[in-house]
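Some notes on the structure that comes next.
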Amino acid sequence: MIKAEKAAFKSGERQNGKERGISMTHKIKMIGLDLDGTLLTDKKELTVRTREVLAKAIRSGIVVLVATGRPWMGVPEELREFPGMNYALTSNGARIIDTRTGNVIEEHLLSVKSAKKALEICRKYDTLQEVYFDGQGYAPAEKMEFVERYHKNPNMWEYMRKTRIPVDDIFELVDRENRGLDKTQALFADMSERKRAWEELARHEDLELVGSLRYNIEVNAAGVNKGTGLVNLGSRLGIKREEIMAFGDGDNDTVMLKEVGFGVAMANGEPQVKEAADYITLSNEEDGVAQAIERFVLGGGEARC
């Protein structure tokens, strides 16, 4: 058995009416993968071992897909074009994409009215706000010049600059587009302001809030989350909830790990994510995704830990 501080089962509990045990009574047919802090290393890279394990799982007939808060254009090209990875769940479940065609097969968008409400609340604070249409992120050009003030992870600064389209005014953009959004996001310079904004946003039932980072708030349409997205895709493909495995580390992964048949948290994950999981694997810096897939899906992985 893997050392307790590295990986451990969550057993003998009931969470949200579902037994969280150690038995694998259903064959895994789908695997949903968070990206940042989970599938990718801290340098935002996919390791050779993890790449090989994903390819092996796909060859064995398992549906493998990213399940991320990122928009489609923010998913690394290597994963957008990964052989056999035919689906992607993006923007926390707002969109499910058939990667072979680029077609959106399911979407749950944030209304213009709800988006404006969230943007108005967050603009009162020192924030870098973003809006997402059709898998593309847009951010104020003026604020993007100071991305380091709002995004605390240096490994993400260049990613932000490369994947966001700078605009003069995101409110004007929302008015001009006048259609549903994937989501909005606010990055906060001050954590106390984030807390106040969260409390205000949470009063509105048409907004779904998550914070994949400790300094951001992502806003989707009510009821939209990664877990529901995975289960819905599984239903389309004839895959039961119990046959779905998911990996995550952040706040926006908590519901996902509870929703699926077998939830796996990373050793570097937030406490609430670990509490929601059936199993805690190694960290994203230690090929934790590969370890758990080898052990529970492909077999033969335990000896490598």
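The numbers in the sequence shown follow our numbering, run straight up by one, and end at 562.
In this text, a Cβ means the ideal position worked out from N, Cα and C, and glycines have one as well.
The C-beta of residue 535 has 16 or more other C-beta atoms within 10 Å across all chains shown, which makes the residue buried. A direct Cα-to-Cα measurement between residue 394 and residue 314 gives close to 31 Å. Our two residues, residue 290 and residue 435, have alpha carbons roughly 32 Å apart in a direct line. Residue state for residue 444 is assigned as strand, using DSSP reduced to three classes.
Bounds of the beta strand (DSSP E) holding residue 503 are 501-505. Looking at the DSSP output, residue 321 shares a beta bridge with 288.
Non-local beta-carbon contacts of residue 337 in its own chain, meaning distances under 6 Å to residues more than five positions away in sequence, are absent.
Three or more pairs of CB atoms, one per stretch, sit closer than 8 Å, so the segment 471-487 contacts the segment 363-378.
Counting the other CB atoms within 10 Å of its CB gives residue 459 a total below 16, which places it among the exposed residues. 488 is the residue among 420, 488 and 425 whose C-alpha sits nearest the C-alpha of residue 517. Excluding the 5 residues flanking it on each side, residue 332 has same chain C-beta neighbours closer than 8 Å at 292, 323, 325, 345 and 347, in chain order. Inclusion of residue 319 and residue 554 in the CB contact set at 8 Å is warranted, their separation being smaller than that value. Per DSSP, residue 555 lies in no beta strand (DSSP E) segment and is marked neither H nor E. Per the DSSP secondary-structure output, residue 421 pairs in a beta bridge with 394.
For the pair residue 466 and residue 455, the CB atoms are nearer than the 8 Å cut-off.
Annotated three-state conformation of residue 355 is strand, per DSSP.
For residue 520, the secondary structure class from DSSP, reduced to helix, strand or coil, is strand. For residue 345, the uninterrupted beta strand (DSSP E) run begins and ends at 344-347, by DSSP.
Collapsing the DSSP output to three states places residue 416 in a helix. Within the segment 449-507, the alpha helix (DSSP H) runs of at least 4 residues that lie entirely inside it are, in chain order, 483-493.
In the same chain as residue 349, and ignoring 5 residues on each side of it, the C-beta atoms closer than 7 Å to its own belong to 326, 440, 467, 475, 477, 481, 482, 483 and 509, in chain order. With three or more CB-CB distances shorter than 8 Å, the segment 375-388 counts as touching the segment 417-428. Taking C-alpha positions only, residue 453 is separated from residue 445 by approximately 11 Å.
Considering only 284, 463, 294 and 328, the residue with the shortest C-alpha distance to residue 392 is 328.
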